[in-house]
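K.L.:
Residue numbers (this note's numbering), protein chains in the order written: chain A, 3 to 193; chain B, 3 to 193; chain C, 3 to 193; chain D, 3 to 193.
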């Protein structure tokens, strides 16, 4: 029951974030196709952030599916994750409006990194609640996507000051990596 | 269970989009009736987009009602549809603020076209999951409204550069076409 | 089931509208108490609109509670009501920012009037679905609050051009009238 | 049933408020790290308000968990609480943009104080409905955190005109006090 409300609240926040993103797409002043061109970087960042929020919603969904009850720790770990996700529209706008400049590109990566850590903390809080026989622990233990993602974010932050295209490539790569839902948890639960 | 959360998330996003639309209605500077007149095109576009989002919510509702489980494919097809719907407030504002100029009118049609394709992909994903005996397949197979809509959108995009009033007429026509809920699915399920 | 989703969607839209209202409260430039004074009319309108949206949520809640199934007609009558409610933040901002000028005050009343008619249409659609023995029909038949409200809105619109304070008094009066939840429906259902 | 919809509506409003906060984080004009520095006070206020809204959601959750039915009084007490919470993004932005000036700091405290009173009224409405044997009454009766919070808010408002850092310290202190979920209600219900 408590879990249902936690899911509903998280769904609400992510749904709002994914739609608040569109408020950053400022209506262009001109009415020809040319006036759309300066919007292109903003638009591409919009797509990327939409996909990231979709991935988080999707994985969050699988994660809570594997959860029994909800403790105070899980609740606050969840709010902590939502906090970092709520900063995505801000870094999206900053990066998009500045044509992928170095510092905004790094800031985008910092928020993604912090959200990944927030997700990890949520996993740890759930596993701690499930105890020794936690099925989630087994499933997550063999996780490599999370580790690769965190490494890519860190590389993206550092390389933003060298060549920001590499950073964007890394952010896109991680998004593609996660577009496939976390089948490990699913298959583990099905056993 | 998973389906319930998919519905709730989609409801959330569409509910937010339908209310974010109103944020485009900028408060006029004057306080007489005259000051409302320049708002008329924006207001009419607002009404049209409100109706379109209502139609999508309605049909989405009937579609998921006919769905059993939710796969990763269905989930992402759904997010893809929501992505295009999330661009409606943007094209609504661009078209309304520019008194139905050619390119914004075409852009409005492009987003409607893409959303229609997104809806089709979602239908295909659900039918693929239901397998050979899919009732939805039968119901959708005889669909003509979807095909007419897509043809109208394409005509609307092309004719925006000739006479944008034809485009608007076509967009309004499609909306009227869909105001009637999709009774085919309903009647098929009732059997 | 369908009813649950209709309620959830309506809740979502009203919850967003009630919070979008606050976006109209522009942060003042100064930092002394004086700088809050020009905000007073906006703030008072904010309170009034908050109460009105709360009343609609409350009564909508009781109304759907008395409803069995959901037809296409009910669904669109509901969206029609939500459309007018979605204009409340717009008229609220227009009236508040212009210190209750005549036309914005009348416009505020026009939207309230249209929402009241929308509510009435929703009631009629539900009664039509329930058929001859509709308990809702009996409960609503003796309704006087709805009629008084509509009369007050019309008077408020007309008198805005004479003395707008009378209009505001009428709008506040109707809000107070409805602050008491609709016990008739409740008591009827309890029988 | 009614309770479920009350929870869903409150969740919706709080989820929107917690994400509307981020709209106050205006994208900086520069693209270097320096341009983030003037945002620091706004950002810190953002974090504090995020935590406060999280705390209210959390405690609201526990409170309604302990509630049986929903009366008109409970419903309006709940809307009254949501009203004050809905002003948090406004005072957050005012305080953050003005580098914690005296009056905005006091205003922030006034809204927190009013929300605390709103929460208290909601508790009283629920206890009144539960009657003589109310378990909530016992649990709340020994409450000291609520009293300490109200005292801190009042001190914060008064001291904002002397030394606003003391006010901020008090606001942070109260937030830390509540980060621990209200175990009293939980343990009482478990008996």
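Positions of the beta carbon are idealized from the N, C-alpha and C atoms, including for glycine. All figures in this text were calculated on a predicted structure; none of them were measured in a lab.
1) How far does the alpha helix (DSSP H) with residue 5(A) in it extend, from its first residue to its last?
2) Do residue 110(C) and residue 47(C) have their beta-carbon atoms positioned less than 9 Å apart in this structure?
3) DSSP state of residue 79(D), grouped into three classes?
4) Would you identify the three-state DSSP class for residue 113(C), choosing helix, strand or coil?
5) Is it the case that the Cβ atoms of residue 50(C) and residue 94(C) are separated by a distance below 9 Å?
6) Any beta carbon of chain C sitting closer than 9 Å to that of residue 10(D)?
7) Could you round the C-beta distance between residue 4(C) and residue 106(D) to whole angstroms and report it? I think they count as a contact, below 8 Å.
8) So with Cβ pairs under 9 Å, would you call residue 78(B) a contact of chain C?
9) Counting only beta-carbon separations shorter than 9 Å, does residue 49(A) have a partner in chain B?
10) Which residues bound the alpha helix (DSSP H) around residue 163(C)?
11) When the Cα atoms are used, what is the spatial distance from residue 59(D) to residue 81(D)?
12) Residue 63(A) versus chain B: which residues are under 9 Å apart at the beta carbon?
13) Specify the secondary structure class of residue 103(A) as computed by DSSP and reduced to three states.
14) Closer than 9 Å, CB to CB, is residue 17(B) near chain C or not?
15) For a cutoff of 9 Å on Cβ pairs, would you count residue 269(D) as touching chain A?
16) Check whether the region 153-169 of chain B and the region 64-82 of chain C touch, using three or more Cβ-Cβ pairs below 8 Å as the test.
17) Exposed or buried, residue 39(D), counting other C-beta atoms within 10 Å across all chains shown (16 or more means buried)?
18) Can you tell me where the alpha helix (DSSP H) with residue 46(C) in it begins and where it stops?
19) Compare the C-beta of residue 169(D) against all C-beta atoms of chain C and say whether one is closer than 9 Å.
20) Please report the straight-line C-alpha distance between residue 179(A) and residue 159(A), rounded to a whole angstrom.
21) The region 82-110 of chain C: which residues have C-beta closer than 8 Å to a C-beta of chain B, in chain order?
22) Note down the Cα distance separating residue 98(A) from residue 113(A), rounded to an integer number of angstroms.
23) Hey, out of 24(B), 157(B), 163(B) and 17(B), whose CA is closest to residue 89(C)'s CA?
24) Please list the partners that residue 21(C) has in chain D, where partner means a Cβ-to-Cβ separation under 8 Å.
25) Applying the criterion that 16 or more other CB atoms from any shown protein chain within 10 Å of the CB defines a buried residue, is residue 9(D) buried or exposed?
26) Please list the partners that residue 30(C) has in chain D, where partner means a Cβ-to-Cβ separation under 8 Å.
27) Three-state secondary structure (DSSP) at residue 88(B)?
28) Taking 9 Å as the threshold (beta carbon to beta carbon), is residue 161(D) in contact with chain A?
29) Can you tell me whether residue 177(B) is buried or exposed, with buried defined as 16 or more other CB within 10 angstroms of its CB?
30) Name the chain A residues whose beta carbon is nearer than 7 Å to that of residue 59(D)?
31) Could you tell me which of 131(B), 19(B) and 102(B) sits nearest to residue 79(B), measuring between CA atoms?
32) Between residue 67(D) and chain E, is the shortest Cβ-Cβ distance under 9 Å, so that the two count as touching?
33) Can you pull the chain C residues whose beta carbon is under 8 Å from the beta carbon of residue 73(B), in chain order?
34) When you compare the CB of residue 42(B) with every CB in chain A, is at least one pair closer than 9 Å?
P.N.:
Reading it off the structure:
1) Where residue 5(A) is concerned, the enclosing alpha helix (DSSP H) stretches over 4-22.
2) In contact: residue 47(C) and residue 110(C) (Cβ atoms closer than 9 Å).
3) Looking at residue 79(D) - three-state DSSP - the assignment turns out to be helix.
4) In this structure, residue 113(C) counts as helix in the three-state DSSP scheme.
5) Their beta carbons are under 9 Å apart, which means residue 50(C) touches residue 94(C) by this criterion.
6) By this cut-off, residue 10(D) is an interface position.
7) Cβ atoms of residue 4(C) and residue 106(D) stay farther apart than 8 Å, at about 47 Å.
8) So, not an interface residue.
9) At a cut-off of 9 Å, the C-beta of residue 49(A) has a neighbouring C-beta in chain B.
10) The continuous stretches of alpha helix (DSSP H) do not include residue 163(C), and DSSP gives it neither H nor E.
11) Approximately 14 Å, taken between the alpha carbons.
12) By Cβ distance, chain B contributes 4, 7, 8, 11 and 77.
13) Residue 103(A) falls in the coil class under three-state DSSP.
14) Yes, because at least one Cβ of chain C sits closer than 9 Å to the Cβ of residue 17(B).
15) Residue 269(D) is absent from the model: chain D starts at 3 and stops at 193.
16) Two segments are said to touch when three or more pairs of C-beta atoms, one from each, lie closer than 8 Å; by this definition the region 153-169 of chain B does not touch the region 64-82 of chain C.
17) It is exposed - the Cβ of residue 39(D) has fewer than 16 other Cβ atoms within 10 Å.
18) Where residue 46(C) is concerned, the enclosing alpha helix (DSSP H) starts and stops at 42-67.
19) So, not an interface residue.
20) Each residue's Cα considered, the two are about 18 Å apart.
21) Per Cβ criterion, the list reads 84, 85, 88, 89, 91, 92, 95, 96, 99, 100, 103, 104, 105, 106 and 109.
22) The alpha-carbon atoms of residue 98(A) and residue 113(A) are separated by roughly 15 Å.
23) It is 24(B) whose Cα lies nearest to the Cα of residue 89(C).
24) Those are 15, 18, 19, 22 and 88, listed as they occur along chain D.
25) Flag for residue 9(D) reads buried.
26) Correct list: 96.
27) Of the three classes helix, strand and coil, the one that applies to residue 88(B) here is helix, per DSSP.
28) No, no contact with chain A.
29) By the neighbour-count rule (16 or more Cβ atoms within 10 Å), residue 177(B) is buried.
30) In chain order: 11.
31) When only C-alpha atoms are compared, the closest one is 131(B).
32) Note that chain E does not occur in the displayed structure, where the protein chains are A, B, C and D.
33) Simply none; closest approach about 21 Å.
34) At a cut-off of 9 Å between beta carbons, residue 42(B) makes no contact with chain A.
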